[in-house]
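S.K.: Quick one: the structure is below, questions incoming.
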């Protein structure tokens with residue numbers, strides 16, 4: 001049996017949570033937030049869909065397998081460490097583009113630490129969802145078992 | 148030309164790498180090409196003989212962990228030149244021989260890869276000047292020889308014996324490394340050349356005894372001295388070319404080489420001299436005794452190798468001028484004749500299908516060249532003039548007659564040893580070729596081995612004869628520089644001409660006795676064979692190998708027992724042991740840092756926080772005593788959210804948010820598994836609950852004490868202040884926590900996300916097992 005109100009609510013909340021997670025990710029450098037918190041928030045968005053609707057729906061929304069997301073996140077994190085090496089600095093040295101202004105966001109600083117944080121964000125989402133999906137599978141097999 | 152040192156290593160390594168490809172296209176014939184590498188290295192070394200003979204040494208050095216006092220430094224002096232020539236010269240013939248012996252073997256390419264890698268490691272070992280580098284090569288020889296001995300890996304016996312060799316030599320190497328580090332501590336150098344100049348310093352140090360024992364632990368295991376001798380005959384499980392190489396010029400000589408290498412700095416004390424002389428003698432006697440009863444030609448040779456290692460160690464222990472000369476000459480002679488004999492035995496095995504010397508007879512007409520090589524080698528081994536072996540034996544007796552008092556025992560040991568060794572030499576190298584042929588008893592119809600399999604033996608055997616007749620070149624450029632390097636003195640001219648040795652004196656008389664006795668042993672060989680099985684079975688339970696097996700079984704028993712006890716497969720027990728360990732170590736740490744010595748500043752806690760903490764404590768009690776999972780989960784949630792509030796209250800919003808999110812996710816994940824958990828009441832009994840309560844209380848109390856003490860310590864704020872100050876100007880971020888995570892300590896964070904990823908894979912794997920079980924149950 002499905003909870004109609006919950007499903008409707010999660011449909012609204014899902015994009016809102018994702019946007020929020022991105023904002024938290026972006027602003028992490030100056031204000032509380034960052035890749036880890038952002039990743040957890042984003043993961044809760046998918047879990048909300050998974051609980052209210054179905055895990056299959058959540059998986060479909062994610063589009064990519066959580067394991068691959070984790071791997072991709074690690075790759076992104078490694079890549080963020082490379083630009084510094086081009087000018088002879090050690091691995092993972094922060095590199096920044098010149099700041100510029102954008103509407104809404106104000107003055108924007110883009111640099112490799114942000115890229116690194118995106119990697120963390122992806123790994124955290126991957127971790128939480130990979131664990132959730134496998135545990136959910138366990139729970140559902142059990143239920144079938146009981147029937 | 149110091150670059151030839153690295154060049155020689157490079158050539159052999161390259162040959163090792165291309166061997167599999169080459170074999171794929173050329174088969175066994177690839178051996179002829181591959182042998183060019185060691186021969187090229189041999190020529191390079193030979194070209195340096197003049198320089199080294201003139202008293203110079205070549206040094207090649209590159210920085211390698213220089214902060215730790217080590218470097219990749221190679222040094223060619225008299226001793227290393229001698230060893231390098233043996234390793235490459237004999238190595239080349241072994242490669243050719245292996246091409247014939249293992250012709251058509253499906254894994255021939257892999258075999259050459261192992262063999263040449265071993266050769267490179269051995270060469271590196273003898274060339275190393277830095278002892279840490281030497282250790283690295285030493286271990287490489289252990290590993291590569293493991294692969295070689297266990298090459299017939301589909302046989303269980305073969306794997307077991309290879310593992311035995313690896314374990315015995317590997318454990319010895321650990322001791323040796325400890326000894327090396329002590330040497331480094333005492334002398335402040337890891338360079339052999341420098342260490343050998345600081346013998347007095349070493350011997351005066353209180354660590355000297357420990358150093359000698361540890362270093363000898365490595366040398367004795369590698370060179371198979373009593374009581375570590377048993378792995379050597381067992382290592383015959385490898386293909387014959389391997390035995391021929393490992394047991395003539397290389398692997399087992401590494402231990403001898405190490406003792407000789409460190410002789411200038413470590414010798415001179417009674418400890419060093421008597422340990423070497425006594426263990427060497429025991430090894431020789433035991434090897435000769437066991438050798439008498441062997442029927443397998445390869446085993447006979449293995450035991451004579453063991454005997455020779457005993458002789459060499461004993462001579463090093465005696466340490467006189469003659470003894471060292473004898474040792475070097477004996478070492479060269481042995482390398483030549485032993486490689487030959489192993490290869491000849493391999494050829495016989497290859498052509499007749501057996502190595503049982505009780506069956507082999509009269510092969511000389513069918514295998515004339517092998518017979519000639521085997522005969523020459525056996526005569527050199529017997530120590531008959533004019534072979535090189537004779538010079539070695541004469542020198543041993545010359546060194547022996549100079550001893551006095553109780554030390555004359557060593558002369559007697561040498562006499563008995565040489566005598567039996569001659570008997571065994573004839574048994575393995577001459578016996579199979581003479582007598583009445585009985586080819587019907589053999590598994591295969593014998594004929595002469597192919598060119599690849601007799602060229603090496605005949606060349607090596609003939610060189611044993613030639614350098615016996617005209618020893619001048621060898622003594623001048625190989626023996627004298629090596630003796631000088633071992634003694635740590637200047638190079639002196641040696642006169643080892645045959646006609647100078649053949650004088651009517653005591654040593655010559657002893658030689659005569661040896662020859663007569665050796666023939667006697669040879670002629671009576673059948674008597675020993677008759678009782679062979681009975682004797683060997685009777686003494687086996689008291690031997691070192693039985694001891695090894697007991698230790699091996701004991702280790703496995705212990706390992707299983709402690710695994711059963713510590714790793715029960717129940718999460719409950721794992722947590723218990725983890726907390727127990729933490730409590731013990733933390734308690735110890737707190738105790739050694741002044742115990743319960745702290746002050747509490749009550750004024751710094753306000754009412755709101757006190758209320759919060761009281762709520763959390765009540766929740767904790769409920770969590771522990773709750774009867775259903777939902778109660779426990781809610782209570783734990785209260786504790787978790789309380790922690791988040793504390794974080795927020797004291798100004799750590801990042802932590803607070805993270806904590807909140809984690810709490811939420813924990814509840815969700817827990818809901819998935821709660822159905823599968825057993826009812827709370829049935830998990831543990833009364834005793835376990837009390838035990839766990841005590842443990843938990845102790846852990847909580849310790850953590851509290853730890854925190855209170857930590858607050859009392861005046862931390863240096865420099866680091867955190869500096870990070871905070873640098874955050875915006877250096878990293879363009881105002882959130883210091885985040886800046887530290889993604890910029891200042893990004894590498895740490897990267898490590899953490901890797902751990903997270905691995906943990907996710909682990910969880911998924913565990914769960915998948917559960918799902919499978921569930922499905923299996925439902926089917």
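Chains as they are written, first to last, in this note's numbering: chain A, 1 to 147; chain B, 148 to 926. We treat Cβ as the ideally placed atom computed from N, Cα and C, and that holds for glycine. Keep in mind it's a predicted model, so treat the numbers as computed, not measured.
(1) Could you tell me the alpha carbon to alpha carbon distance between residue 445(B) and residue 267(B), rounded to whole angstroms?
(2) Examine chain B for any beta-carbon lying closer than 7 Å to the beta-carbon of residue 18(A), and answer yes or no.
(3) Report the three-state DSSP secondary structure of residue 209(B) (helix, strand or coil).
(4) List, in chain order, every chain A residue whose beta-carbon is nearer than 9 Å to that of residue 914(B).
(5) From the DSSP output, in three-state form, read off residue 892(B) for me.
(6) What's the gap between the Cα of residue 124(A) and the Cα of residue 777(B)?
(7) Of all Cβ atoms in chain A, is any one closer than 7 Å to the Cβ of residue 819(B)?
(8) Are any of the Cβ atoms in chain C nearer than 7 Å to that of residue 418(B)?
(9) Is the beta carbon of residue 426(B) less than 7 Å from the beta carbon of residue 372(B)?
(10) Just the chain B side, please: which residues come within less than 8 Å of residue 40(A) by C-beta, in chain order?
(11) For residue 411(B), which option in 341(B), 291(B) and 560(B) has the closest C-alpha, if you only look at C-alpha atoms?
(12) Taking the runs of the alpha helix (DSSP H) that are 4 residues or longer, which of them lie wholly in the region 468–504 of chain B?
(13) With 16 as the cutoff for other CB atoms within 10 Å, does residue 689(B) come out buried or exposed?
(14) Using 7 Å as the threshold, is the C-beta distance between residue 365(B) and residue 406(B) below it?
(15) For residue 9(A), would you say it is in contact with chain B, using Cβ-to-Cβ distances shorter than 7 Å as the test?
(16) Step through the CB atoms of chain A and report whether any lies within less than 7 Å of the CB of residue 214(B).
(17) Leaving aside the five residues before and after residue 187(B) along the sequence, list all residues of the same chain whose C-beta is less than 6 Å from its C-beta, in chain order.
(18) Using the Cα positions of residue 520(B) and residue 246(B), report the straight-line distance between them to the nearest angstrom.
(19) Helix, strand or coil for residue 277(B) per DSSP?
(20) Which stretch, first to last residue, makes up the beta strand (DSSP E) that contains residue 697(B)?
(21) Are three or more beta carbon pairs between the region 74–89 of chain A and the region 900–909 of chain B nearer than 8 Å?
(22) For residue 109(A), would you say it is in contact with chain B, using Cβ-to-Cβ distances shorter than 7 Å as the test?
(23) Helix, strand or coil for residue 583(B), going by three-state DSSP, please let me know.
(24) Would DSSP call residue 82(A) helix, strand or coil?
(25) Whether or not the region 224–233 of chain B and the region 624–632 of chain B are in contact is what I'm after, with contact meaning three or more pairs of Cβ atoms, one per stretch, closer than 8 Å; do they touch?
(26) Scan the region 745–772 of chain B and note each continuous alpha helix (DSSP H) run of 4 residues or more that stays entirely inside, going in chain order.
(27) Between the alpha carbons of residue 673(B) and residue 440(B), how many angstroms are there, rounded?
(28) Check the C-beta distance from residue 463(B) over to residue 423(B) and give it rounded, since I have them as a contact under 8 Å.
(29) Cα separation between residue 770(B) and residue 337(B)?
(30) Mind checking if residue 31(A) is an interface residue toward chain B, Cβ cutoff 7 Å exclusive?
(31) Short of 7 Å Cβ to Cβ, which residues in the region 781–800 of chain B face chain A?
(32) Taking residue 265(B) as the reference, give the member of 618(B), 153(B), 886(B) and 285(B) with the closest Cα.
(33) Examine chain A for any beta-carbon lying closer than 7 Å to the beta-carbon of residue 900(B), and answer yes or no.
(34) Kindly say whether residue 878(B), judged by its beta-carbon, lies nearer than 7 Å to any beta-carbon of chain A.
(35) Spell out a yes or no on whether the region 797–804 of chain B and the region 772–786 of chain B are touching, meaning 3 or more CB-CB pairs, one atom from each, closer than 8 Å.
(36) Compare the C-beta of residue 910(B) against all C-beta atoms of chain A and say whether one is closer than 7 Å.
M.R.: Once the coordinates are examined:
(1) Within the second chain, residue 445(B) is the residue found at index 298, counting from 1. Within the second chain, residue 267(B) is the residue found at index 120, counting from 1. C-alpha separation (whole angstroms): 25 Å.
(2) Here residue 18(A) refers to the residue found at position 18 of the first chain. Not closer than 7 Å to any Cβ of chain B, the Cβ of residue 18(A) fails to qualify, so no.
(3) Taking the second chain and counting its residues from 1, the one referred to as residue 209(B) is at position 62. Of the three classes helix, strand and coil, the one that applies to residue 209(B) here is strand, per DSSP.
(4) Residue 914(B) sits at position 767 when you count from the first residue of the second chain. Simply 131, 134, 135, 137 and 138.
(5) Start at 1 with the first residue of the second chain, and residue 892(B) comes out as number 745. Looking at residue 892(B) - three-state DSSP - the assignment turns out to be coil, as it is neither helix nor strand.
(6) Taking the first chain and counting its residues from 1, the one referred to as residue 124(A) is at position 124. Taking the second chain and counting its residues from 1, the one referred to as residue 777(B) is at position 630. Whole-angstrom Cα-Cα distance: 27 Å.
(7) Walking along the second chain from the start, residue 819(B) turns up at place 672. Yes - at least one Cβ of chain A is within 7 Å of the one on residue 819(B).
(8) This model lacks chain C altogether; the protein chains it does include are A and B.
(9) On the second chain, residue 426(B) is found 279 positions in, with the first residue counted as 1. On the second chain, residue 372(B) is found 225 positions in, with the first residue counted as 1. Yes, these two residues count as a Cβ contact at 7 Å.
(10) The sequence position of residue 40(A) within the first chain is 40, counting from 1. By Cβ distance, chain B contributes 805, 808, 809 and 812.
(11) Taking the second chain and counting its residues from 1, the one referred to as residue 411(B) is at position 264. Checked all of 341(B), 291(B) and 560(B); the closest Cα to residue 411(B) is 341(B).
(12) 468–499
(13) Working through the second chain from its first residue, we reach residue 689(B) at position 542. Burial call: exposed.
(14) Residue 365(B) sits at position 218 when you count from the first residue of the second chain. Residue 406(B) sits at position 259 when you count from the first residue of the second chain. Going by C-beta atoms, residue 365(B) is not nearer than 7 Å to residue 406(B).
(15) Translated into positions along the first chain, residue 9(A) becomes position 9. Output row for residue 9(A): interface = no.
(16) Against the second chain, residue 214(B) aligns to sequence position 67. Chain A contact via Cβ: absent.
(17) Position 40 of the second chain, counted from the start, is the residue given in the question as residue 187(B). The answer, listed in chain order, is 158.
(18) Within the second chain, residue 520(B) is the residue found at index 373, counting from 1. Within the second chain, residue 246(B) is the residue found at index 99, counting from 1. Distance between the alpha carbons of residue 520(B) and residue 246(B): 19 Å.
(19) Numbered from its first residue, the second chain carries residue 277(B) at position 130. Three-state result, residue 277(B): strand.
(20) Here the question's residue 697(B) lines up with position 550 in the second chain. Element bounds for residue 697(B): not the beta strand (DSSP E) but the alpha helix (DSSP H), 691–713.
(21) yes
(22) Numbered from its first residue, the first chain carries residue 109(A) at position 109. Closer than 7 Å: yes.
(23) On the second chain, position 436 is the one that residue 583(B) refers to. Coil, per DSSP.
(24) Taking the first chain and counting its residues from 1, one reaches residue 82(A) at position 82. Here residue 82(A) sits in coil by DSSP.
(25) yes
(26) 754–772
(27) Mapped onto the second chain, residue 673(B) falls at position 526. Mapped onto the second chain, residue 440(B) falls at position 293. Using only the alpha carbons, I get a separation of about 9 Å.
(28) For the purposes of this step, residue 463(B) is identified with residue 316 of the second chain, where counting begins at 1. For the purposes of this step, residue 423(B) is identified with residue 276 of the second chain, where counting begins at 1. Going by Cβ atoms, the distance from residue 463(B) to residue 423(B) rounds to 5 Å, so yes, they are a contact pair.
(29) Sequence index remark: in the second chain, residue 770(B) carries index 623 (1-based). Sequence index remark: in the second chain, residue 337(B) carries index 190 (1-based). Cα to Cα, the separation comes out at about 60 Å.
(30) Locating residue 31(A) in the first chain gives position 31, where the first residue counts as 1. For residue 31(A), the answer is yes, since a Cβ of chain B falls inside 7 Å of its Cβ.
(31) 800
(32) As a position in the second chain, residue 265(B) is number 118, starting the count at 1. Measuring from the Cα of residue 265(B), the nearest candidate turns out to be 285(B).
(33) One-based indexing of the second chain puts residue 900(B) at position 753. Chain A contact via Cβ: present.
(34) Residue 878(B) sits at position 731 when you count from the first residue of the second chain. Taking Cβ atoms only, chain A reaches closer than 7 Å to residue 878(B), which makes this a yes.
(35) no
(36) Reading the second chain from its first residue, position 763 is the one you call residue 910(B). Yes, its Cβ sits closer than 7 Å to a Cβ of chain A.
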